[in-house]
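Heads up: the structure comes next, in structure tokens.
Chains as they are written, first to last, in my numbering: chain A, 133 to 558; chain B, 50 to 361; chain C, 7 to 205.
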């Protein structure tokens, strides 16, 4: 079966064009084309399928919060054709067995490709290196390694990990958080934390690790990816590391692009996240960093949590927020509408760069004949109000409840097959 | 419809003045033979204490009983809460039993705010984590007014572990509303990042501030803080920030010395000072009951509350 | 009649508030003084010269009336009768019908009320509920030998078995009317006005 996407704007540019998807690839691009099924894409933007470097699918272990099935459905609704599943599951994805299980679950679900992230250390405990090479050689072909949720804080271990993964072109995705500076931390350390009486998570705890890791990366000639950059100082450090020519990449989450720690003032644990929401100056800096390429990619850090883990006191609540279904809308609101990014650049930041960092073959490819038909069609003029009750994710912990956001996703195609149409899983 | 007292910031100048004036009348009840008013007859007040605090709990209990409310002490320790029941379930249980007000003490900052979102009754914050303790600030203000005749324009110095003190936060906010000038004195490690934005002066030097103070409020400093390197030793803390006899001699004649309790004698305050004529420590305890009676009456005594905040 | 000291105190003094602008005078300043003088004489007569008497006014205007009665008793007989105040807010039976109210002062003079003849003083006697609350409040303060009631105006419509011992003026009213007692200390002039009640 073939699909005709009629009168779409490739990367939001040029004049209306027809695109035909057939046999898993982009078969034709032109005008006056035909296909078995047609989507009228007048006024809509066609982008390569989005790639998330940072998704928590919670399976195995917390299937009450999310599963590979539900998480990838949410990803498809959000325009993603590939997600990286973080390793902090139970059991931890620190062996070939677990990463292959997650990878297979993704294949079976079929809503989007799932690329498991391998843990850097056994059990995320920061003590012994996990079998990184075995995970790389497994069916899951792991290239991204991370102890996300925890920081590889031991400098020696981090150095060895950066060195070791060079053998298979791997990358260490660091959750930059100096643990001794964030003991019991609840939110960004600043005016709001002082008034709310919540233990502060200072920016320096992120920046100190980033600075150290950049230097280590340079020293060993490794490849570092900095997860969820949240502070102005971090952006500066990464800009500096890049200016040196070091192989350092970085991501920012949609919530750090939009929200500040003012959101925490009502003690609603929906806004409890790690790294925490920061100040407006930080938000401005990460937006600027994403615009000028210092920050390579947007990654969701989609972190589903069961209701009972969020409907509790702030201090007892779990950290994290869901984001797959709102990511593109938030990027459109914070970056595209104000003119900081073009749709062409959104394709780079949300598809091509993350695919490159994850060393993915079939994703983040150009919109060209013969390329895999992993595409997403978006209506840039539509607006919608986020309703937690309507999420495709099994969890409801969106920080954007009640926000009116731009952009609706008309359809997502994975190798030519629709995985989501008009906001619903296909 | 104002229903809760969650933060001292909930109180306008009119609210705070109304509470202090009402407390003055309530205090008279404590001097009578019949220390009881029928005002809250048939109303149920729950003391929900997730953290031990005999003195605050007793004070609230006595206040509610003097107003003829039915009082239930729900000590969360040893109850279903310690078996994993959530705050939400506890709140819904209390709600189902028909409680009109919940007085909550909790070790997590913000728990009273979370509770206020769940239940229909009024919520009174009796101390939450390192956030606030608004009735303590009210009884402190009442005591200042009782001893010094006014609050506006007073120079109030708060000394000690500001970083972890809910008493300090509530006092700073309330005293700002009431027009006093607050100075916070502590080692830099015990002041929160962001304190510059508070409506208060900050000093690291107690001796330079004391002679100008009308009120000196000493806060408890927990010895455990030493382990986290907030200061090197009890002796050094006491030398630099303790109110000893020599320092007390630097105070003006009218200056009063306050402490919210419990005190660590010999550390932040010398026994001679704590028991001296300047000390209002016993008055603070006495006044606590009258102030809490006033708060409960103004929250529950009418068809709608006369003070406080609406849940968000 | 310009200064209104306290909105809530004013509400308390008048069970049914009305539009004062449309009210007509039923007792002027000199008339009100004569009435208070007569009440002082009656009080001396009925209490055997005012011995052991404690006057307790119910805020706001009852307190002022109690003070005036005490002053007249002193002027007529040289007897110093103590006058204080008794706030009944916390004993009201209609607390739940209105927003929580501010309290007025309770000031019991000297030796208290045990064994004394307490005379409650209020401006208007209407339903009797205020007096009922005052009796409850008194019981918590001590044990008087006897309690009497003095009111400047009795407007009828009692809802409880309560009557006054001293009445300045009986003014038969309709429930659609409101009685306004004005005293110089609060309102700038002495008068009793009768006007329409607020609908």
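In this text, a Cβ means the ideal position worked out from N, Cα and C, and glycines have one as well. Just so we're clear, the structure is a prediction, and the values are computed from it rather than from any experiment.
Beyond the five residues adjoining it in sequence on each side, residue 265 of chain A comes within less than 8 Å, by CB distance, of 296, 299 and 300 in the same chain, given in chain order. At a cut-off of 7 Å between beta carbons, residue 363 of chain A makes no contact with chain B. Contact annotation: residue 483 of chain A and residue 137 of chain A have beta-carbon atoms that are not nearer than 7 Å. Spanning the alpha carbons of residue 310 of chain B and residue 211 of chain B requires a straight line of approximately 14 Å. Listed along chain C, the residues sitting closer than 8 Å to residue 354 of chain B by beta-carbon distance are 105 and 106. Here DSSP, grouped into helix, strand and coil, assigns residue 157 of chain B to coil. Going by C-alpha positions, residue 218 of chain A is about 22 Å away from residue 379 of chain A. The straight-line gap separating the alpha-carbon atoms of residue 523 of chain A and residue 220 of chain B is approximately 43 Å.
Boundaries of the beta strand (DSSP E) harbouring residue 98 of chain B: 93-98, taken from the DSSP string. Secondary structure of residue 305 of chain B (DSSP, three-state): strand. Contact annotation: in the stretch 148-160 of chain B, residues whose CB is within less than 9 Å of a CB in chain A are 155, 156, 157, 158, 159 and 160. Interface residue (Cβ-Cβ distance to chain B less than 7 Å): residue 100 of chain C is not classified as such. Using a Cβ-Cβ cut-off of 7 Å, residue 259 of chain B does not count as an interface residue toward chain A, since no Cβ of chain A sits closer than that to its own. Residue 170 of chain A is bridged by DSSP to A:136. Short of 7 Å from the beta carbon of residue 235 of chain A, and not among the five residues preceding or following it, lie these beta carbons of its own chain, in chain order: 246, 248, 271 and 272. Counting only the Cα atoms, residue 71 of chain C lies some 59 Å from residue 393 of chain A. At the C-beta level, residue 429 of chain A and residue 453 of chain A stay beyond 7 Å of one another. At a cut-off of 7 Å, the C-beta of residue 61 of chain C has no neighbouring C-beta in chain B. Within chain B, no C-beta atom comes less than 7 Å from the C-beta of residue 333 of chain A; the nearest is roughly 11 Å away. Residue environment analysis places residue 326 of chain B among the exposed positions, since fewer than 16 neighbouring C-beta atoms fall within 10 angstroms of its C-beta. Under the 7 Å criterion on CB atoms, residue 163 of chain B is classed as interfacial with respect to chain A. If you draw a straight line from the Cα of residue 518 of chain A to the Cα of residue 535 of chain A, it comes to about 6 Å.
For residue 444 of chain A, the nearest CB of chain B lies under 7 Å from its own CB, placing it at the interface with that chain.
Taking C-alpha positions only, residue 446 of chain A is separated from residue 400 of chain A by approximately 7 Å. Taking CB atoms only, residue 146 of chain C has a neighbour in chain B less than 7 Å away. At a Cβ-Cβ threshold of 7 Å, residue 120 of chain C and residue 109 of chain C do not count as neighbours. Looking only at C:68, C:53 and C:49, the smallest Cα-Cα distance to residue 189 of chain C is reached by C:68. Secondary structure at residue 224 of chain A: coil, using DSSP grouped into helix, strand and coil. Residue pairing of residue 177 of chain B in beta bridges, as defined by DSSP: B:155 and B:181. Taking a Cβ-Cβ cut-off of 8 Å, the neighbours of residue 111 of chain C in chain B comprise 74, given in sequence order. Taking 8 Å as the upper bound for CB-CB distance, residue 221 of chain A and residue 190 of chain A are in contact here, some 7 Å apart.
At the C-beta level, residue 178 of chain A and residue 501 of chain A stay beyond 7 Å of one another.
The Cβ of residue 321 of chain A sits closer than 7 Å to at least one Cβ of chain B. In the three-state reduction of the DSSP assignment, residue 556 of chain A falls in the strand class, which pools E and B. In the structure shown, the three-state DSSP call for residue 406 of chain A is coil. Contact residues of the stretch 205-237 of chain B toward chain C are absent (C-beta to C-beta distance below 9 Å).
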